[in-house]
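Novice: So the protein lines, in turn, are chains A and B.
Numbering of the first sequence is given in the numbering used here, commencing with residue 6 and proceeding in unit increments.
Numbering of the second sequence is given in the numbering used here, commencing with residue 6 and proceeding in unit increments.
Can you keep this structure in mind? I'll have questions shortly.
Number of protein chains: 2
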Amino acid sequence: MSGGVMHAEMLEQPAVLERLVGRFDDQVERLRTVVPDGLAGVAFLARGSSDHAAVYGRYLAELTSGRPAGLAAPSLHTLYRADVDYSGYLVVALSQSGATPEIVSVCARLRDAGARTVAITNAADSPLALAADVAVDLAAGAERAVPATKTVTAQLVALAMVGAALGPAPFTARDLAELPPAVAGVLDDPEPASAVAERFADTERLYVVARGLLYGAALEAALKIKETTGVFAEAISAADLRHGPIRAAGPDAPVLILDGGGPGSADLQDLASVLRERRVPVALCGPGEDADVTLPRATPEALAVVPATVRAQQLALAMADVRGLDADRPAGLTKVTRTH
Amino acid sequence: MSGGVMHAEMLEQPAVLERLVGRFDDQVERLRTVVPDGLAGVAFLARGSSDHAAVYGRYLAELTSGRPAGLAAPSLHTLYRADVDYSGYLVVALSQSGATPEIVSVCARLRDAGARTVAITNAADSPLALAADVAVDLAAGAERAVPATKTVTAQLVALAMVGAALGPAPFTARDLAELPPAVAGVLDDPEPASAVAERFADTERLYVVARGLLYGAALEAALKIKETTGVFAEAISAADLRHGPIRAAGPDAPVLILDGGGPGSADLQDLASVLRERRVPVALCGPGEDADVTLPRATPEALAVVPATVRAQQLALAMADVRGLDADRPAGLTKVTRTH
Chain A
6 MSGGVMHAEM LEQPAVLERL VGRFDDQVER LRTVVPDGLA GVAFLARGSS DHAAVYGRYL
66 AELTSGRPAG LAAPSLHTLY RADVDYSGYL VVALSQSGAT PEIVSVCARL RDAGARTVAI
126 TNAADSPLAL AADVAVDLAA GAERAVPATK TVTAQLVALA MVGAALGPAP FTARDLAELP
186 PAVAGVLDDP EPASAVAERF ADTERLYVVA RGLLYGAALE AALKIKETTG VFAEAISAAD
246 LRHGPIRAAG PDAPVLILDG GGPGSADLQD LASVLRERRV PVALCGPGED ADVTLPRATP
306 EALAVVPATV RAQQLALAMA DVRGLDADRP AGLTKVTRTH
Chain B
6 MSGGVMHAEM LEQPAVLERL VGRFDDQVER LRTVVPDGLA GVAFLARGSS DHAAVYGRYL
66 AELTSGRPAG LAAPSLHTLY RADVDYSGYL VVALSQSGAT PEIVSVCARL RDAGARTVAI
126 TNAADSPLAL AADVAVDLAA GAERAVPATK TVTAQLVALA MVGAALGPAP FTARDLAELP
186 PAVAGVLDDP EPASAVAERF ADTERLYVVA RGLLYGAALE AALKIKETTG VFAEAISAAD
246 LRHGPIRAAG PDAPVLILDG GGPGSADLQD LASVLRERRV PVALCGPGED ADVTLPRATP
306 EALAVVPATV RAQQLALAMA DVRGLDADRP AGLTKVTRTH
C-alpha cells in the first residue's frame, strides 16, 4: 500500500496519546516549576510541522496564562544575532528530533538571555532536551515516515500540558481521557476523507481555513497535503481569506474548512455559505451533522485540534492515494534541515 | 490602461514617503513618550496587507528594543474574550482605513488591559486613531485602488519610526533621506518586473521567499499577486521551504526570491542554486548584479522592505497585464471587512 508507513504511524496515535494523557498531571506539575514569577510573556520556538503545533500552543497559552504569547523569530537570533532580554519569559521550544540546529542554538541563546525554557521533543537525550530547563518527552517511538503524524498530535497534547501549567485550562481531566478513544474513532472512519479526496482529485490548489484554536490544524493540514501530493495548499484564517485572497478561490481552488465547534463556528458556517454561493467547492470538517468529515462531538474546542489534525492526515494520505502517489516518498523533503 | 488607478497610486509613493521621512524625527519623539518603562514586550495588531507590514515591524522592534516582539492574535480577544494582562506592553495597531472593526475593538481592549497603544492609520480622525494613545497619520491621501500600495509602503516607514522609538535603529538619517529617490528610481524602471511577468505568464502557482527583515515584503508580494491575478502565490521563509514544501515547487510553480542584501543573503543565493538544479524557475530580486529585478544597492537591509514591496507591486501589476486582467477590478475583494 502506498503511504503504508505513514498510515501505520497514524494508527499508533491512540496509544501514544493515551500514554501522554496518563502522564498529563505529572508533567503539568513539572512545567509549573519553570514558569517565571511575574510572567512577562510566552514565546514558542519551532519550524515546520512543529511551528503549526506552536500556533495552537500560542493561542492556548495566552488564554490560560493571561499574558501575551507569540512565536519567536529564529532568524533574529541566528542571522541578526539580536541582543534581546528574555527575562520574565517562558520559551517553549519544539523539535521532534530535538536536533534541529537552529532551534537548539536559539533555545540556548534565549535561556542565556534570561528565559526559562521548555523543550518538547521525541528524543529524551537530544541536544534540545539537554539545552532546556525542563523537557517533555513525547515518547511516541521512532517516526519513520517523512510526513510527521504521531509526533505532531503528541506535540499538541504536550502543548496542552504547557497551557494547563500556565493557568486554568479550558478542558477537563475527563475530556483528556476521552481524547485517545475519540482519535481511535476517527481513525476507524477513513471513508469521509477518501470521499473528499475523490472530489478534489483534480485539484492542484487548495485553501484550508480555520480560526483561533483550530488554526494550527489548518496550517498542518496544508503542509501535510503539500508534502504528500505536491498540491499547492495554503492555510488562511477565515478573516484574512475574506480580506483579499477569496479572489483566488474558485472551482479549481476549493476550500477545506476546519470547525472545532467553538466561538468561531458561526463565522465559518457563514464563510462556507458565501463560498458555495460563489461556486467554490467546500469541504467542511467539524462536529456538526452537515459536515463532510466529522469531528468527535464530545471533544471541547480546546482539544479539537488533535482529531482535526488526524482528519487532515487522513485527507493527505487519501489525496496521495487518489493521485497514485506514495505518501511515504515525497520528493525534496528531508527530516532534519540545517538552516543558517 | 488596466490597473491604471493602482499604477497612479504606486507613482505617488516617492512623494508620500518624502513627506513621512520629513516628519520622521518628530514622530519618533512622540512615539517615545508612550513606550512603557520596563518594556515587557511589543505586540502588533493588524489584518491583511497591514499584517504583512506588521511582520516587518515585529522583526525591527525586537532588534531595536531588545525585548521580545510578536503579532497579536485578534481572535483571542474578539472570539474568546480572553482576559489578558497587557501591562508593560506597547501595542502597535495598523489599519489603513482606521476603521477595521476588529482592529479598533481589540486595540481598545488591549489598552484597557494595560497596554500603551499606537495607531498607524491613513485617516487621522478614524476610530482607531482615536482609540490609541498616540496615532501616526500616514497622510498618503485617499487610496482608491483596491490593491493597497502607497499606504503599505507608508506603513513600513511608520513602523521604522516605531523601531527607532524603541532603540537604536539600523539605519541613518541619510539612509532615510535617500529612500524616496530610491523608490522613484525603482518606479522609473518597470521593465525587469515585466520581463519576469512574461516568464511567469502561464504560472498559476508561485512561491515568494525571503528571510528576516524582508519576510514581510514576501507576504505582501504573495498577497498582491493573488489580488491582481488570482495566481496562488504563497510566501514562505527560506528555512521553511527547505523543511518540506520544496516538493511543491517545480517547473509549474516558480519561486520569487527577495534578497535585501543582509545576513540572510548567502542562504537565499544558495537556495536559488538548489532550486535551479531542481529545474525550478527562479526570479531573484535583490541588490546584486545577477538579480533579475534589482533593488537599490545603497538601501540598508533594514529599509529594503520598502523598495522590495514596490518591486512586488510592479510584478503584480505586470502579471495582471500579461494575463489581460485589470488589477483595479479584482473580484471578491472589499476594502474594509467586518470580521467577528
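The beta-carbon is built from N, C-alpha and C at its ideal position, and this holds for glycine as well.
Keep in mind the model is a prediction, meaning the values are calculated, not measured.
1. Note down, in chain order, every chain A residue with its Cβ under 9 Å from the Cβ of Arg-302(B).
2. Given a threshold of 16 other Cβ atoms within 10 Å of its Cβ, counted over all protein chains shown, does Ser-55(A) qualify as buried or as exposed?
3. In three-state DSSP terms, what is Val-188(A)?
4. Give me the Cβ distance between Gly-46(B) and Pro-73(A), rounded to the nearest whole Å; I'm assuming they're in contact under 8 Å.
5. For Ser-70(B) and Arg-116(B), I'd like the C-alpha separation in whole angstroms.
6. Please report the distance separating the alpha-carbon of Glu-232(A) from that of Ala-313(A).
7. Taking the runs of the beta strand (DSSP E) that are 3 residues or longer, which of them lie wholly in the stretch 197–227 of chain A?
8. Does any residue of chain A bring its CB to less than 8 Å from the CB of Gly-53(B)?
9. In the structure shown, what three-state DSSP assignment does Phe-176(B) receive?
10. Which bits of chain A does Arg-114(B) rub up against, with CB to CB less than 9 Å?
11. Within 10 Å of its beta-carbon, does Thr-177(A) have 16 or more other beta-carbons around it, so buried, or fewer, so exposed?
12. How about Pro-19(B) and Asp-180(B): are their beta carbons less than 8 Å apart?
13. Distance check for Gly-190(A) and Glu-294(A), CA to CA, integer angstroms please.
14. Cβ of Arg-149(B) less than 8 Å from any chain A Cβ?
15. Three or more C-beta pairs closer than 8 Å, one from the stretch 315–326 of chain A and one from the stretch 189–203 of chain A: is that the case here?
16. According to DSSP, which residues form a beta bridge with Phe-29(B)?
17. Starting from Leu-263(A), follow the alpha helix (DSSP H) in both directions and report where the run begins and ends.
18. Helix or strand or just coil, what does DSSP make of Leu-171(A)?
19. What are the boundary residues of the beta strand (DSSP E) that includes Leu-289(B)?
20. Considering only the beta carbon of each residue, do Val-298(A) and Ala-288(A) sit closer than 8 Å?
21. Would you identify the three-state DSSP class for Glu-239(A), choosing helix, strand or coil?
22. Given a threshold of 16 other Cβ atoms within 10 Å of its Cβ, counted over all protein chains shown, does Asp-275(B) qualify as buried or as exposed?
23. Tell me, to the nearest whole angstrom, how far the beta carbon of Val-236(A) is from that of Arg-204(A); I am working on the premise that it is less than 8 Å.
24. Using a Cβ-Cβ cut-off of 8 Å, state whether Pro-259(B) counts as contacting chain A.
25. Could you compute how far the alpha carbon of Ala-244(A) sits from the alpha carbon of Val-157(B)?
26. Quick one: measure Cβ to Cβ for Asp-326(A) and Ala-226(A), integer angstroms, because I've assumed they're closer than 8 Å.
27. Indicate the three-state DSSP secondary structure (helix, strand or coil) for Arg-24(B) in the structure shown.
28. Taking a contact to mean a Cβ-Cβ separation below 8 Å, would you say Arg-63(B) touches Leu-76(B) in this structure?
29. How many angstroms separate the CA atom of Val-10(A) from the CA atom of Ala-332(A)?
30. How do the stretch 164–176 of chain B and the stretch 143–150 of chain B stand: do at least 3 beta-carbon pairs fall below 8 Å, yes or no?
31. For the beta strand (DSSP E) containing Val-279(B), name the first residue and the last one.
32. Against chain A, does Phe-237(B) count as a neighbour if the rule is that its beta carbon must be under 8 Å from one of theirs?
33. Buried or exposed, going by whether 16 or more other CB atoms sit within 10 Å of the CB of Ser-80(A)?
34. Beta carbon of Thr-122(B), beta carbon of Gly-103(B): below 8 Å?
35. Just the Cα atoms here: how many angstroms apart are Arg-216(A) and Val-279(A)?
Specialist: To lay it out plainly:
1. Residues of chain A passing the Cβ test: none, with the nearest at roughly 20 Å.
2. buried
3. helix
4. 6 Å
5. 20 Å
6. 18 Å
7. 210–215
8. yes
9. coil
10. Ordered by position in chain A, no residue passes the 9 Å Cβ test against Arg-114(B), which lies about 13 Å from the chain.
11. exposed
12. no
13. 16 Å
14. no
15. yes
16. According to DSSP, which records beta bridges pairwise, Phe-29(B) is partnered with nothing at all.
17. No alpha helix (DSSP H) contains Leu-263(A), which is instead part of the beta strand (DSSP E) from 260–263.
18. helix
19. 287–291
20. yes
21. strand
22. exposed
23. About 13 Å separates the two Cβ atoms, so there is no contact after all.
24. no
25. 19 Å
26. Asp-326(A) to Ala-226(A), Cβ: 16 Å. No contact.
27. helix
28. yes
29. 9 Å
30. no
31. Segment 270–282 is the alpha helix (DSSP H) holding Val-279(B); no beta strand (DSSP E) there.
32. yes
33. buried
34. no
35. 16 Å
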